[in-house]
Each structure stands twice: as C-alpha cells, then as structure tokens.
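First the structure, in the form of structure tokens, and then the observations on it.
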Amino acid sequence: MLDTLRRIIQLVNAAPDLNQALDIIVGHVAGTVGVDVTSVYLTDAERMQYVLMATQGLRKDAVGNVRLNPGEGLVGMVVEREEPVNLEDAPSHPNYRYIAETGEQPYHGFLGVPIIQHGKVLGVLVVQQREIRQFGEEEEAFLVTLAAQLAGAITHAGASGEMSQLLEKTDEVSLALKGLPGASGVAIGQAMVVYPPANLDAIPDRKVTDIGDELEGFHEAIAAVRDDLRDYANRMSGVLPSEELALFDALLLMLGSDSIVGETVTRIRAGNWAPGALRETIAEHVRVFETMDDPYLRERASDIRDLGRRVLTRLQSDHPASRPAYSRTVLVGDEISPTQLAEVPMEQLAGIVSASGSSSSHVAILAQAMGIPAVLGVEDMTVGRLEGQTLIADGYRGDVFVNPSVIVRDEYLRLQGEESELTEGLKKVAGTPSITPDDVAVPLYINTGLVSEMEPGVHSEGDGVGLYRTEIPFLMRERFPGEQEQTRIYRKALEAFAPRPVTLRTLDVGGDKMLSYFPVQEDNPFLGWRGIRISLDHPEIFLTQLRAMLRASVGLENLTILLPMISTVTELDLSMTFISQAIGELLDDGLEVQRPPVGIMIEVPSAVYQIPAMAERVDYFSIGTNDLTQYLLAVDRNNSRVANLYQTLHPAVLLAIRQVINEAHGLGKPVSVCGEMAGDPAAALALLGLGVDSLSMNASNLPRVKWVIRSFTASEARQLVDRACAMEDPVAIRKLYNSVLEQGGLGGLVRAGN
C-alpha cells in the first residue's frame, strides 16, 4: 500500500494540470482498492457547491455538471462532518440523494473521505461498491492517508493548469496565489521573470595545464563582479539609507573573503579549471549555510549561490546579457537576489514576488527600506509561465493575483489611491512631536543594526535607537569582531544619534541564529542555547562586547544596554556582575566610563511572571513582542501552515503585556516595546491604551504610528483596550481596531497591520 501511495502521489505531482491529476487519482484508486466506482468532488468556493470533477465507474457526461449544495447528499455530509463516512448500504441512509445523471443506482457500499488542506475542505474522495458491504479499516485508512497527501498535490496541479490556461488565453481566468508578506504596499504591473545567470551545478571538473592563465581569468572575473556590485550600490544609494546599503558591503565582503576566493585559488592550483574549482567552493559554503536553523543565516546561502553564478557568468562571457524592464515591473523568480533587484531601474520597479524567501531575506530587508511591495514564499507558483502577465502583489496580506479580474484590479487601484493620500497625509506629521491630543508623550525610537556609515541627522524623525541589533556585524563576518572593531561600530551609532539615546542589545545569537564560525547543532533551536545563555557561558565574548559598548560611549553618555532572552533572576544577576566587572576593568585602565542604564527584554513567558524581582535589578524593561507572541502562542510565524495563528492582538498577548506594564509601573520602571507590534498602527493604538512608555520600530513605520499617537487620546485608547482584553477572538479584536482607525479617518493605515 505504501509503495502504491508513493506512486500515485508522484504521478499526481507530475500531472500538467488539475484534470489529468484527478483522472490519475480515480484510475489508480479504483485499481488499488478494487472498487466499482471512484469519484472526486471538488469545492467551488465561489458558489459554495461541491462539483463532480472526475470519475471512473459513473457516467462521464456527469463530470462538471453534477453539483451539490452544502449538506446535500452523502458528499455534503462528509464535508459537514470533515471526517470519513463509511456505509454498507448508502441508499438506505436518510442523507442519500439519488442523482439520475450519474447512473449510480446499482451501488450500495459507500466510503467518502474529505480532502483537507490548512483546515479547508478542498473536496471529497469517494469509492463505491455494488454489493452491500462496509469498507474495511485498512481500506479506509489508505484513503484517508491518500486524501491527506493529495491536498497539496491537487492545489499545485490546479495552480499549474490555471497558469497554462492564462498563458494560452483560452478563457478569461484570474488566479490567486498565497505567500507571506515581505514588504508592505500594493504593486500592479507586468511580471519580469528572473532566473540564475549560470548553472554552477552543470559545470564539470576539467584538468588544466596553464594554471597561471586560469588564475588570471578567475581574478579578472572576481574584479568584474566587484565592480558590478559597487555599481548596483551606487545606483541604489539615492533610495536606500546607509544601513541597508551595508547589505552590498556584505556581498563584497563575501566575495573578498579568503574562504571563497582563497579556496577556489587552492583548487585551481591543484589542477581544476576555474569554473570547476568555483563550483566546489560555492557548493561547500552553501551546504554549511543551508543546514543552519536560523532564517537569516539560511538566506545567506542564496547570496553565496548568487555570487558564484555571477562569477561563473563573467568567466563564461565578458558581456553578460541584459534586457529592458517593463514600465511597471513586478520582479518574479524562484529566488530573487539583491543584485537582481538592483538591476532594475528604481523608477520602473513596482513590486517583488518570490517563490522562496521570508522577512529575514536580504531582498525583503531591501524592499522594506525602499518602500517596494513584496510577497515572498508564494506557494504553487509556476514561475516559468508568468513572463509578461499582469500581476497584483499585496504586500500587506501576502496575496498575488495573476491576470486579475476588472473588479479585483479596480479595488486595488482604489487602495493604491488611498495609499497615495496616506503618504501625503504622513508628511504633515513630519517634525511634529509624538504626543496624544491629551498631552501624553510617547517617544518613538528606531530599530536598526545594519549601520555601515551613519551621519548625524540620519533618521531625524526618531527620538533615538530603541533596539540596535549588535549581532548583525557578527553575522556579516567570518570571525568574532575584536574589541576595537566593535568599539568603532558602536561609536558610529552612538555619535549619529547623540544626544538621543541608543539602546545596544548584547549579542543575540545561538540555537536558531548561529554564527557560521561558531556552529551548534540542536534539535529544538528556538528553545536552545541562544541569547544571554551563550554570552554567560562565554564570558570572554560577553566581556569583550560590554567593554566595547562602554568604550564607545565615553564622552557621549547616550548608551543604554539591553539584555536578551533573560528567563531567570540568576541569569540577570550574573549578567549584572559581568557589566560591573567590565566597568571596573575600564576604570582600572584609566577610562572615565559611567554606568549606563541597563534593561532586559521581556520575550520569554517566564520573565512575565518575575517582574518584581527583576525590577530590583534593572532600570527599564523592553518587550520583544515577536518572540513573546511566538512563545505564548506556540506558533512559528515563518511557517506558512500556521502563520495565520500568529496574532499579535491575541487576548493572551495583550493580557501578558498589560501585566508587565502594570507591575513595572507600580515599581517605578518604564516599559518600551521593540517588536514588530510597535510598528503596526492598530497594535500601537492597543499599546498606547495599555500604557507603554515608548515604542521602537523600523524607520519606515514611524510616520504611521506617529499619526495614530497624535490622533487618539490616551483615555480613548485605554477604553478601547479594555474592550479588546475582554474579547476572546483575536480576529474580532483586529476588526475592532481596524474599524476604529477607519472611523477616525485613518482607514489608509488599516492594511498596514493585516
């Protein structure tokens, strides 16, 4: 049975369209189970009916014509129950409905199994027998297993078939695909499909005799790609802030590293030609990164692959091919690299759609910084059939519409108009303080970490830096940065914002975000050796970082330190001991360092219940809502199967935040929020009501949140959050806040948090 199951799934996956996939299913199931009839009914979601789409044993002219309403017949019963229905004599059951068009009168034994994906019934798989008999447990188990496996295959086959229909223009068909939000906004334009410039995997080994010529050609190719990357960085310098441009510095750093260039040179000297040596080096580095659990580090594998392909292209041709972009280009690909993004003129780039990737990828970070809508991780997207097609990419919800209908297109054009009005409205709050109409000040800070060259006045709208992710410089290197190197990095950030405060979070790596030069394999990385746990286990790393932070602040005194992943008072006590030790060592060295304010991140549920004890030891609290929500709800937000369960306005999340704020304020300690929740306009209104003292977010979200703060009194926000905390459904809470924003004339902000 297992071999049969695998064979059916393989055949269905290889089917060119949905109709052929269904024919494969009914034919093989009938033969395997030994039944007289096998049929598949699929859900017509638009009409809320169940349609006979394939059969072996019933009349063929019934296919596409027999439709059942909800609850109608035994098929409707299977859908309602969402479980198998196994009957020895179907005609005697009260739910049985005889349909003359099918010719099913002679059949008695009936087994119907729902086909379900992501909680939705896609259809029903039915087998029938002439004789009066109930299907056995093994037969039922086989069909249940098959139906569970077929759900994804049917969805994929349907998407592929509809894509073909679109291309052939045989019908006016529009197709909706689902992905993950990568960067907010709505893009309407034509698909420009990008693909790898060269196939490294297809390169063979080849012995060479003139190693000198081979090395010369390789170094010329490296130099050419370096020039390309610098050109791309210059092209984007007018639209990207300096910290996002540091991504191109990272690519140049990878290309200039001894590990990539040096290892390839070693392989060339051993006698392999340059393309073969490059292939081996790139493959080795890609393997290392692809085995890592952290999404950010896994994305680096695609960057290394892209660099390898570009070097290979230069090795193969001095003049790589280029093509013009559409006037409104939506860049589409299985995997889109930052360099491919940079190849499209910014004035022609409308949006990005990728079959892979997440919010941690370089292209997502760039898209967010550029204000380009992006949808990533799109399921069942046949990229090769999309060139030139009209696309709508909804970067708020992660939806992609191929060849959209007039109704859908008009609705999104209306939304784009609202966005333009919103952008104009946001200009009005520039330079104004973040104060509610009833005079409650809520400072707005910036989250950052990719700072390569920060000038005074950068991000002038922010009241400072609420979260500087110090792990980014660690991730972008192939070794631990030394004390002097870290001091220079932190000094730039502190100087750029002085006298405004800058919160440096200590190293937050490990488990799910491991350094390539400090690898650890764990079965459950999200609950593993990470954050403060690594720092405390390696005081030589922790003390070096603390001293660098303190050195960088001398004469500026705008430093605050933030400790991540604190789960016990013991961890906090030991951390404070190391901070005191670092201060003492620098004072002994003659440096006039001052003790900065020290806070902890509340992102582990255990910390929520230890606020009184921890408040005795720290100066402030900062709630990391990304991890806190993930841990409270047991939901991986980057997993598309459960991403819909990741709800920041879940009542449990709101109540946990309320408890932290109330207890901390009772002890005289301020509380900030530095997770993505702070940059969500609706959630920011909830946080205002809960009494948070400050918010920290990506710079692009700051004007929207400031508009909310300036539009609602703290009293109104408190009354609203009281209503929300009394509710049980997070979806209803979200609707409540969206409705309030719309009634307040801020409807353009609603989609930003959806």
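Mapped onto this note's numbering, the consecutive letters of the sequence shown carry residue numbers 380 to 1133. For each residue, glycine too, the CB sits at the ideal point set by N, CA and C.
In the same chain as SER946, and ignoring 5 residues on each side of it, the C-beta atoms closer than 8 angstroms to its own belong to VAL983, SER985 and ALA986, in chain order.
PHE489 is bridged by DSSP to LEU466 and GLN507. Unbroken beta strand (DSSP E) runs of no fewer than 3 residues, entirely contained in the stretch 558–620, are found at 559–562 and 565–572, following chain order. Note that the C-beta distance between LEU630 and PRO717 is below 9 angstroms. If you look at ILE940, you'll find it isn't in any alpha helix (DSSP H); it sits in the beta strand (DSSP E) that goes 938–942. With fewer than 16 neighbouring CB atoms inside 10 Å of its own CB, GLY635 falls in the exposed class.
Comparing C-alpha distances from GLU936 to each of TYR869, GLY910 and THR923 shows the shortest one belongs to TYR869.
In the three-state scheme derived from DSSP, where H, G and I count as helix and E and B as strand, SER735 is classed as coil.
Excluding sequence positions up to five before and after GLY1123, its CB lies within less than 8 angstroms of the CB of SER1090 and PHE1091, all in the same chain and listed in chain order. With 16 or more other Cβ atoms from the protein chains shown falling within 10 Å of its own Cβ, GLU483 counts as buried.
LEU1028 sits buried, since 16 or more C-beta atoms from the chains shown fall within 10 Å of its C-beta. Two segments are said to touch when three or more pairs of C-beta atoms, one from each, lie closer than 8 angstroms; by this definition the stretch 813–820 does not touch the stretch 584–602. As the crow flies, the alpha-carbon of LEU883 is around 12 angstroms from that of THR866. The straight-line gap separating the alpha-carbon atoms of GLN1026 and GLY841 is approximately 27 angstroms.
Secondary structure note for LEU966: its alpha helix (DSSP H) is the uninterrupted segment 948–967.
For ALA433, no alpha helix (DSSP H) run applies; the uninterrupted beta strand (DSSP E) run containing it begins and ends at 428–435, by DSSP.
Only residues of its own chain outside the window of five on either side were considered, and among them LEU490, GLN513, PHE514 and GLU519 have a CB closer than 7 angstroms to the CB of ASN465, listed in chain order.
Straight across, the Cα-Cα distance linking LEU1046 with GLY978 is about 14 angstroms. The alpha helix (DSSP H) runs of length 4 or more contained entirely in the stretch 732–797 are, from start to end of the chain, 741–749. Put simply, the backbone Cα of PRO975 is about 12 angstroms away from that of TYR999.
Relative to the Cα of GLN795, the nearest Cα in the group ASP778, TRP1086 and ASP773 belongs to ASP773. LEU1028 sits in coil when the DSSP states are folded into three classes, being neither helix nor strand. Distance from the CA atom of GLY1054 to the CA atom of GLY845, rounded to whole angstroms, is 10 angstroms.
Annotation: the continuous alpha helix (DSSP H) that includes ASP402 extends over 397–412.
Per DSSP, the continuous alpha helix (DSSP H) segment holding GLY455 begins and ends at 452–460. Cβ neighbours of GLY655 within its own chain (closer than 8 angstroms, five residues either side excluded): ILE582, PRO583, ASP584, ARG585 and ARG646. In this structure VAL492 is buried. Its beta-carbon is surrounded by 16 or more other beta-carbon atoms within 10 angstroms.
Across the structure, HIS487 and LEU504 are spaced so that their CA atoms are roughly 16 angstroms apart. Every unbroken stretch of the beta strand (DSSP E) spanning 3 or more residues and falling wholly within the stretch 1044–1110 is given here in chain order: 1050–1052 and 1073–1076. Each of ASP468, VAL500 and GLY767 was checked against the Cα of GLU510, and the nearest Cα belongs to ASP468. Where TYR420 is concerned, the enclosing beta strand (DSSP E) starts and stops at 416–423. Each residue's CA atom was taken as its position, placing LEU873 and ALA753 some 32 angstroms apart. The Cβ-Cβ distance between GLN727 and SER706 falls below 9 angstroms.
Between VAL416 and ALA409, the C-beta gap is smaller than 9 angstroms, which places the two residues in contact. Assignment of LYS807 by DSSP, reduced to helix, strand and coil, places it in the coil class.
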